[in-house]
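For the sequence shown, the residue numbers in our numbering are 101 to 232.
Where a beta carbon is used, it is the ideal one built from N, C-alpha and C, also for glycine.
Note that this is a predicted model, so its numbers are computed, not measured.
Please read the structure below before turning to the comments.
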Amino acid sequence: PAPAAPAAVAAAPQWSVDAPGATQYLRDLMATLERPQDAQRAHDLLRKMDVKGNLLAPGLRLGREYPQLKVTAVALSESPRPSALDLRGTVLVTASNPQTAASTSVRYRVAAHFVGMPEGTAMSRLELVETE
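And the structure:
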């Protein structure tokens, strides 16, 4: 008898990533830092969605010390891969506290990873790191 043919290995399905949508979502997320309650809600929602990383925690900490935050610049670069997209860049935040007249500018490195899913594009990781 002829030897059995090897079983065909099915390739994992490839789901596309909406790069413009993911980029806009990340920009919108960074803009929520200006609104502490919205930023906290977004942070909690990302945590519930099992997004890995420190999420918006560094920005939330800054907002507790300086009640007025203004996102003054967001610069992002895309690294697309099959079924995935990495966005990296910087976010510049100007922070002030009207009660103490204290103010500062903080630059964060941001890194986000998005994956293509059957139901659309999903964020799987978000890291926000203060730079010196």
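For residue i, name the three-state secondary structure that DSSP assigns.
i	result
M130	helix
T55	The chain is shown from 101 up to 232; residue 55 falls before or after that span and cannot be answered.
G163	helix
P180	strand
Q199	coil
Q168	strand
R141	helix
Once the 5 residues before and after residue i are set aside, which same chain residues still bring their CB inside 6 angstroms of it?
i	result
T132	D138, A139 and A142
S205	T194
L146	L155
Compute the Euclidean distance between the alpha carbons of residue i and residue j, then round it to the nearest angstrom.
i	j	result
L228	A157	8 angstroms
P167	D128	19 angstroms
R181	A201	46 angstroms
K148	E178	26 angstroms
K152	Y125	16 angstroms
R225	L185	11 angstroms
N197	P218	45 angstroms
L187	M223	11 angstroms
L160	D144	11 angstroms
Q199	E165	11 angstroms
If you drop the 5 nearest sequence neighbours on each side, which residues of the same chain put their C-beta closer than 7 angstroms to that of residue i?
i	result
T221	V117, D118, G121, A122 and F214
L169	L133, E134, L162, G163, V193 and A195
V171	M130, A131, L133, E134, V191 and V193
DSSP beta-bridge partners for residue i?
i	result
K148	Note: K148 sits in no beta bridge, so no partner.
H213	D186 and R225
T204	A195
Here's a check: name, in chain order, each residue in its chain whose Cβ is nearer than 8 angstroms to the Cβ of residue i, leaving out the five neighbours to either side.
i	result
T190	A173, V174, A175, R207, Y208, R209, V210 and T231
S183	Q114, W115, S116, V117, V215 and G216
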